[in-house]
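Novice: In this note's numbering, the protein residues as written are 5 to 204. Don't be surprised by glycine CBs; every beta carbon is placed ideally from N, CA and C. None of these values were measured; they are calculated from a predicted model.
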Ligand SMILES: [Zn+2]
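#1: Measuring straight from C-alpha to C-alpha, what distance separates residue 164 and residue 175?
#2: Under 8 angstroms: do the segment 90-97 and the segment 115-126 share three or more Cβ pairs, one atom per stretch?
#3: For the segment 126-138 against the segment 148-158, are there 3 or more C-beta pairs whose distance is under 8 angstroms?
#4: Could you please go through the chain and list the residues whose beta-carbon is closer than 5 angstroms to any non-hydrogen atom of ligand 1?
#5: Please state whether DSSP places residue 94 in a helix, a strand or coil.
#6: Does the separation of the CB atoms of residue 71 and residue 197 fall below 7 angstroms?
#7: In angstroms with no decimal places, state the Cα-to-Cα distance between residue 53 and residue 143.
#8: Which residue wins for smallest C-alpha separation from residue 178, given the options 166, 148 and 171?
#9: So is residue 160 buried or exposed if we call it buried at 16+ other beta carbons inside 10 Å?
#10: Which residues mark the beginning and the end of the alpha helix (DSSP H) in which residue 154 is found?
#11: Taking residue 67 as the reference, give the member of 57, 74 and 75 with the closest Cα.
#12: Give me the residue from 126, 139 and 95 with the minimum Cα distance to residue 108.
#13: Which residue or residues does DSSP assign as beta-bridge partners of residue 130?
#14: Return the first residue and the last residue of the alpha helix (DSSP H) that residue 165 is part of.
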């Protein structure tokens, strides 16, 4: 394991200038669960992880900190700045559809909002609708699955969108960080530190 000492930034004590700027010094459990944007070596955003995971990647020399979130992690004799954005040191090939197609991710993409009547509901009250029904040859893909409330799902049944006169309010797309600016809002993270990478 190669520790990249420059990432510790003179680490045994927080930089006094940072503290003077009113930056939090204490790191509580909450800070370790803060979302961290993960960039590929090319600066392309590829993932979001918890700060705890990001710190492990930095300590293992797999990633380096690009932006800090203002918190410090105190562990043993080391004080380390908690990252807000990290970047992998080696480029990783990311398959085109890197995010698993799952109910959870479809609901995340569609912001828990029925794509026919625009009602926002808890996950448990939503289902997935095949825009082109399976019985009509529709596939289970990012482009053919949308979040849907049960009444709309029943109303649409096995009809094609034009037959039911029910079209998704937004064209369903593969979920990725390039197209999903709303991920910042989902995470309550309107941080400029992320913005400049997400609008890449
Ligand atoms: Zn609905």
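Specialist: On the basis of the coordinates in this document:
#1: In the chain shown, the residue the question calls residue 164 occupies position 160. In the chain shown, the residue the question calls residue 175 occupies position 171. If you take the alpha carbons of residue 164 and residue 175, they lie about 15 angstroms apart.
#2: no
#3: yes
#4: 118, 120, 121, 153 and 156
#5: Reading the chain shown from its first residue, position 90 is the one you call residue 94. Correct three-state label for residue 94: coil.
#6: The residue labelled residue 71 in the question sits at position 67 within the chain shown. The residue labelled residue 197 in the question sits at position 193 within the chain shown. Yes; because the gap between Cβ atoms is below 7 angstroms, this pair is in contact.
#7: Locating residue 53 in the chain shown gives position 49, where the first residue counts as 1. Locating residue 143 in the chain shown gives position 139, where the first residue counts as 1. Cα to Cα, residue 53 sits roughly 30 angstroms from residue 143.
#8: Here residue 178 refers to the residue found at position 174 of the chain shown. 148 is the residue among 166, 148 and 171 whose C-alpha sits nearest the C-alpha of residue 178.
#9: Looking up residue 160 in the chain shown gives position 156. Counting Cβ neighbours within 10 Å, residue 160 comes out buried, since at least 16 surround it.
#10: Here residue 154 refers to the residue found at position 150 when the chain shown is read from its first residue. Residues 154-160.
#11: Walking along the chain shown from the start, residue 67 turns up at place 63. Here the closest residue by C-alpha is 57.
#12: Here residue 108 corresponds to residue number 104 of the chain shown, with the count starting at 1. Of the listed residues, the one whose Cα sits closest to residue 108 is 126.
#13: As a working mapping, residue 130 is identified with position 126 in the chain shown. 153.
#14: Looking up residue 165 in the chain shown gives position 161. Unbroken alpha helix (DSSP H) run through residue 165: 165-168.
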